[in-house]
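Down below is the structure, laid out as structure tokens.
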Amino acid sequence: MLGALALAGSACQLNPLSGPPSDQVLRTWLWRYQSLDPLQALSVLEAEYIVHIFSGLTSLNEKLEVVPDLAEKWQASNDGRTYTFTLRKGAKFHDGRELKAADVKYSLERATDPAQAAPIVETYLGDIAGAKERLKGQANDLSGVKVRDDVTVEITLVEPRVYFPAKLTYPVAYVVDRANVESGGAQWWIRPNGTGPFRVREAKPNERLVFGRNDVYYGQKPALTEVHFLPTSPLAAYEADDLDLAIVELADIERVTDKSDPLSRELRVRAELDVHYLGFNVAAKPFDDPKVRQAFNHALDRDKIANVTLKKTVAKANGILPPGMPGHSDKIKGLDFDVSRARQLIAESSYREAKNFPEIVLHIMGTRTNAPAEITAMVAMFKQNLGVDVRVRQMDRNAFLDTLAKGKDRFQMFYTGWVADYADPQNFLDVLFHSKSGENHTQYANPDVDRLLERARIERDHATRMRHYSEAEAQIVKDSPWVPLWHSRRYILVKPHVHGYSAPPVVLPWLKTISIKGRPAPARPDPRESRGAA
24 MLGALALAGS ACQLNPLSGP PSDQVLRTWL WRYQSLDPLQ ALSVLEAEYI VHIFSGLTSL
84 NEKLEVVPDL AEKWQASNDG RTYTFTLRKG AKFHDGRELK AADVKYSLER ATDPAQAAPI
144 VETYLGDIAG AKERLKGQAN DLSGVKVRDD VTVEITLVEP RVYFPAKLTY PVAYVVDRAN
204 VESGGAQWWI RPNGTGPFRV REAKPNERLV FGRNDVYYGQ KPALTEVHFL PTSPLAAYEA
264 DDLDLAIVEL ADIERVTDKS DPLSRELRVR AELDVHYLGF NVAAKPFDDP KVRQAFNHAL
324 DRDKIANVTL KKTVAKANGI LPPGMPGHSD KIKGLDFDVS RARQLIAESS YREAKNFPEI
384 VLHIMGTRTN APAEITAMVA MFKQNLGVDV RVRQMDRNAF LDTLAKGKDR FQMFYTGWVA
444 DYADPQNFLD VLFHSKSGEN HTQYANPDVD RLLERARIER DHATRMRHYS EAEAQIVKDS
504 PWVPLWHSRR YILVKPHVHG YSAPPVVLPW LKTISIKGRP APARPDPRES RGAA
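Residue numbers for the sequence shown follow the numbering used here, so the first one is 24 and each next one is one higher.
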């Protein structure tokens with residue numbers, strides 16, 4: 024899924040709870056969010072909340088393994104095309120209604136309803152027989168989903184897909200309550216009737232969000248009774264004891280990593296399964312020439328950006344797949360910093376000289392007065408090392424994502440990121456680079472890469488699948504529709520009284536493992552102050 028870039032989700036006005044929190048109330052910062060509808064989980068900002076409110080047939084555990092969730096088990100047919108899911112006994116919606124197989128069918132049919140215009144559904148559910156026809160308005164139902172009885176649902180695919188259960192961990196496959204959706208209007212999700220470990224007590228987009236524990240949850244019930252997401256300046260609120268968890272912004276990294284600062288003892292660092300990158304529209308000049316794209320790769324000193332500009336908070340990306348992802352290979356070295364080679368490639372290209380390029384515009388997500396430091400550093404390197412002026416255009420998050428999703432007015436060059444939805448290289452390589460993928464925002468198309476990715480889709484032998492992906496990744500890096508930049512790390516401050524924080528590298532319902540133990544009692548005000556005594 025598209026990553027939340029930098030800390031664009033943080034607000035900046037303190038709004039702490041009134042009065043001291045109870046024992047099992049967690050207070051944390053608020054990411055901006057536009058919707059809590061699972062079909063609108065376009066980035067980690069929304070997904071971080073949605074995974075706690077709703078759930079699907081499958082989920083990921085802390086080891087990133089696909090495990091049963093609403094389904095207690097599943098079985099694949101001999102040909103690998105049909106999956107039969109048996110629902111978990113006792114699984115209920117927040118209002119206590121028991122989950123039925125018909126709810127699964129309704130949810131998948133709603134997801135593939137063209138009236139929903141959900142841009143990412145085909146990427147995750149397009150393997151289901153009849154899904155593409157339904158998305159095009161050519162079918163009234165989803166033919167590949169059959170309800171066998173109240174607890175059994177059968178899903179048939181167009182071709183075998185060993186990773187299909189992993190795709191069902193993505194929010195667009197989550198189960199929703201039909202009555203809730205159809206009675207609540209466009210913003211039914213303000214009071215969603217999900218099946219996840221938490222229910223929504225209060226939702227005001229970009230202002231406030233409060234979760235309450237789901238006491239009819241079918242799994243191990245959370246210890247937390249409430250979670251308050253507050254629009255704050257995270258570090259200031261954390262130091263004032265108004266937050267129990269706080270994300271650390273780049274400006275404060277050196278302070279919190281200084282061993283002499285007490286905050287360093289409360290710091291947790293997690294490596295993300297993600298990649299940040301510059302994307303090129305390979306059909307737009309001058310990036311229609313692969314030598315120009317390669318030159319832009321060689322012109323960036325990504326080590327300097329990672330270690331100096333970003334203060335060692337990221338790890339330079341040599342390829343597409345992040346470390347920790349199955350299929351990641353240290354043998355893929357990427358196109359490293361080499362100014363002489365970059366200039367030579369420009370001379371060998373069809374443009375001969377940089378002065379023959381059209382104007383180059385880099386689109387980024389944001390509304391700041393100035394572009395982030397890492398963007399400014401990249402622009403300066405392109406100027407110094409290639410003699411190319413790159414103009415930066417910032418766009419509102421919604422407009423940026425909308426342009427990427429719909430492919431209208433494609434960006435010539437853009438900066439964004441991708442976070443793993445499940446631990447399989449298909450989620451990066453096939454989703455982002457197959458010529459027919461809706462998430463291929465660069466218009467990159469290589470028949471050899473397509474063939475490798477298509478073989479990997481139906482291959483059941485793990486080692487052979489990984490070899491196909493490795494070959495595909497090596498060719499993609501050579502063709503350079505991207506400049507892979509870095510894999511990020513998240514820096515989180517955690518109060519000593521917060522237990523069970525696991526720092527997962529992908530979006531998981533991590534709040535259900537949290538408990539509060541030994542929270543210090545709030546300091547009592549001096550009674551003399553209330554009397555105005557000197």
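C-beta: ideal position from N, C-alpha, C; glycine also.
> Cα separation between GLN407 and LEU93?
Replying inline: The residue labelled residue 407 in the question sits at position 384 within the sequence shown. The residue labelled residue 93 in the question sits at position 70 within the sequence shown. For GLN407 and LEU93, the distance between alpha carbons rounds to 55 Å.
> For TRP533, which three-state DSSP category applies?
Replying inline: As a working mapping, residue 533 is identified with position 510 in the sequence shown. Three-state result, TRP533: helix.
> Would you say the stretch 370-380 touches the stretch 319-336, given that touching needs at least three Cβ pairs under 8 Å?
Replying inline: no
> On the premise that LYS518 lies in contact with GLU289, defined as a C-beta separation below 8 Å, what is that separation, rounded to the nearest angstrom?
Replying inline: As a working note, residue 289 is residue 266 in the sequence shown. As a working note, residue 518 is residue 495 in the sequence shown. Rounded, the Cβ-Cβ distance is 7 Å, consistent with contact.
> Using a Cβ-Cβ distance under 8 Å, would ASN101 count as near chain C?
Replying inline: As a matter of chain content, chain C is missing from the structure shown, which is built from one protein chain.
>> I need the straight-line Cα distance from GLY153 to ASP136, nearest angstrom please.
In response: Start at 1 with the first residue of the sequence shown, and residue 153 comes out as number 130. Start at 1 with the first residue of the sequence shown, and residue 136 comes out as number 113. One C-alpha to the other measures close to 11 Å.
> According to the neighbour-count rule (16 or more other Cβ atoms, all chains shown, within 10 Å of its Cβ), is ASN101 buried or exposed?
Replying inline: Mapped onto the sequence shown, residue 101 falls at position 78. With fewer than 16 Cβ atoms within 10 Å of its Cβ, ASN101 is classed as exposed.
> Alpha carbon to alpha carbon, what distance is there between TYR193 and THR237?
Replying inline: Sequence index remark: in the sequence shown, residue 237 carries index 214 (1-based). Sequence index remark: in the sequence shown, residue 193 carries index 170 (1-based). For clarity, residue 237 is Asn in the given sequence; the question names Thr instead. Their backbone Cα atoms lie some 21 Å apart in a straight line.
> Based on Cα-Cα distance, which residue from LEU508, TYR445 and VAL506 lies nearest to TYR186?
Replying inline: Sequence index remark: in the sequence shown, residue 186 carries index 163 (1-based). When only C-alpha atoms are compared, the closest one is TYR445.
>> Given this structure, state the Cα-to-Cα distance separating LEU409 from PRO245, to the nearest angstrom.
In response: In the sequence shown, the residue the question calls residue 409 occupies position 386. In the sequence shown, the residue the question calls residue 245 occupies position 222. Rounded to the nearest angstrom, the two C-alpha atoms are 55 Å apart.
>> Let me check one thing: in DSSP terms, what residues is LEU253 bridge-paired to?
In response: As a position in the sequence shown, residue 253 is number 230, starting the count at 1. Bridge partners of LEU253: TRP52.
> alpha helix (DSSP H) containing TYR492: first to last residue?
Replying inline: Here residue 492 refers to the residue found at position 469 of the sequence shown. First-last of the alpha helix (DSSP H) with TYR492: 485-502.
> Among THR465, ASP453, GLY440 and LYS459, which one has its Cα closest to the Cα of ASP432?
Replying inline: Here the question's residue 432 lines up with position 409 in the sequence shown. Checked all of THR465, ASP453, GLY440 and LYS459; the closest Cα to ASP432 is THR465.
> THR146 by DSSP, collapsed to three states: which one?
Replying inline: In the sequence shown, counting from the first residue as 1, residue 146 sits at position 123. DSSP, reduced to helix, strand and coil, places THR146 within a helical segment of the structure shown.
> Bridge partners of ARG438, per DSSP?
Replying inline: Walking along the sequence shown from the start, residue 438 turns up at place 415. One point to set straight first is that residue 438 is Tyr, not Arg, in the sequence displayed. Note: TYR438 sits in a beta bridge opposite LEU301.
> Near HIS12, which residues of its chain fall below 7 Å by C-beta distance, leaving aside the five closest residues on each side in sequence?
Replying inline: Beyond the ends of the chain as shown, which are 24 and 557, falls residue 12; an answer cannot be given.
> Out of PHE234, HIS386, PHE434 and GLY430, which has the shortest C-alpha to C-alpha gap to ARG414?
Replying inline: The residue you call residue 414 lines up with position 391 of the sequence shown. Of the candidates PHE234, HIS386, PHE434 and GLY430, the one whose C-alpha sits nearest the C-alpha of ARG414 is HIS386.
>> What residue range does the alpha helix (DSSP H) around VAL559 cover?
In response: No answer is possible for residue 559: it lies beyond the span of the chain, which begins at 24 and ends at 557.
>> Tell me the residue span of the beta strand (DSSP E) that contains THR280.
In response: For the purposes of this step, residue 280 is taken as residue 257 along the sequence shown, with counting starting at 1. Note, THR280: premise wrong, no beta strand (DSSP E); not H, not E.
> Contact check, VAL221 vs VAL250 under 8 Å by CB: the rounded distance?
Replying inline: For the purposes of this step, residue 221 is taken as the residue at position 198 of the sequence shown. For the purposes of this step, residue 250 is taken as the residue at position 227 of the sequence shown. Correcting the residue identity first, residue 221 is Phe in this sequence and not Val. About 7 Å separates the two Cβ atoms, so the contact holds.
> Since GLY235 sits in a beta bridge, which residues does DSSP pair it with?
Replying inline: To locate residue 235, count along the sequence shown from 1; it is residue 212. GLY235 is bridged to ARG222 and GLU249.
> Does the Cβ of THR390 have 16 or more other Cβ atoms within 10 Å, making it buried, or fewer, making it exposed?
Replying inline: Here residue 390 refers to the residue found at position 367 of the sequence shown. Answer is exposed; the Cβ neighbour count stays below 16.
> Can the beta-carbon of TRP52 be found closer than 8 Å to that of PHE252?
Replying inline: Here residue 52 is taken as the residue at index 29 of the sequence shown, counted from 1. Here residue 252 is taken as the residue at index 229 of the sequence shown, counted from 1. Using a Cβ distance threshold of 8 Å, TRP52 and PHE252 count as a contacting pair.
>> With H, G and I counted as helix, E and B as strand and the rest as coil, what does DSSP make of GLN47?
In response: Within the sequence shown, residue 47 is the residue found at index 24, counting from 1. Here GLN47 sits in coil by DSSP.
> Thinking C-beta only, is GLY119 closer than 8 Å to VAL239?
Replying inline: The residue you call residue 239 lines up with position 216 of the sequence shown. The residue you call residue 119 lines up with position 96 of the sequence shown. Closer than 8 Å, so yes.
>> In whole angstroms, give me the CA-to-CA distance for LEU508 and ALA497.
In response: Here residue 508 refers to the residue found at position 485 when the sequence shown is read from its first residue. Here residue 497 refers to the residue found at position 474 when the sequence shown is read from its first residue. When the Cα atoms are used, LEU508 and ALA497 turn out to be separated by approximately 16 Å.
> Residues in its own chain within less than 8 Å of ARG224 by CB, not counting five upstream and five downstream?
Replying inline: To locate residue 224, count along the sequence shown from 1; it is residue 201. Taken in chain order, the residues that qualify are VAL233, PHE234, GLY235 and GLU249.
> Helix, strand or coil for ILE73 per DSSP?
Replying inline: Residue 73 sits at position 50 when you count from the first residue of the sequence shown. Of the three classes helix, strand and coil, the one that applies to ILE73 here is helix, per DSSP.
> What residue from GLN417, ALA370 and ILE383 has the CA that sits closest to ASN393's CA?
Replying inline: Along the sequence shown, read from residue 1 onward, the residue named residue 393 stands at position 370. When the alpha-carbon of ASN393 is set against those of GLN417, ALA370 and ILE383, the nearest one is in GLN417.
> What does a CB cutoff of less than 7 Å around SER82 pick up in its chain, not counting 5 residues either side in sequence?
Replying inline: Sequence index remark: in the sequence shown, residue 82 carries index 59 (1-based). Contacts found: VAL90, ASP92 and THR192.
>> So, under 8 Å CB-CB, ASP297 and SER511 are touching, yes? Tell me the CB distance rounded to an integer number of Å.
In response: Here the question's residue 297 lines up with position 274 in the sequence shown. Here the question's residue 511 lines up with position 488 in the sequence shown. Yes, they are in contact, since the Cβ atoms of ASP297 and SER511 sit about 6 Å apart, within 8 Å.
>> Please report the straight-line C-alpha distance between LYS429 and GLY302, rounded to a whole angstrom.
In response: As a position in the sequence shown, residue 429 is number 406, starting the count at 1. As a position in the sequence shown, residue 302 is number 279, starting the count at 1. Cα-Cα distance, rounded: 16 Å.
> What separation, rounded to the nearest whole angstrom, lies between the Cα atoms of GLY347 and TYR514?
Replying inline: Mapped onto the sequence shown, residue 347 falls at position 324. Mapped onto the sequence shown, residue 514 falls at position 491. Approximately 18 Å, taken between the alpha carbons.
> Hey, LYS339 and GLU277: beta-carbon distance below 8 Å or not?
Replying inline: Indexing the sequence shown from 1 puts residue 339 at position 316. Indexing the sequence shown from 1 puts residue 277 at position 254. Contact: no.
>> In the DSSP assignment, the alpha helix (DSSP H) including MET404 goes from what residue to what residue?
In response: Numbered from 1 along the sequence shown, position 381 holds the residue referred to as residue 404. Segment 396-409, the alpha helix (DSSP H) holding MET404.
>> Going by DSSP in three states, TYR240 sits in which element: helix, strand or coil?
In response: Reading the sequence shown from its first residue, position 217 is the one you call residue 240. Coil at TYR240, not helix or strand.
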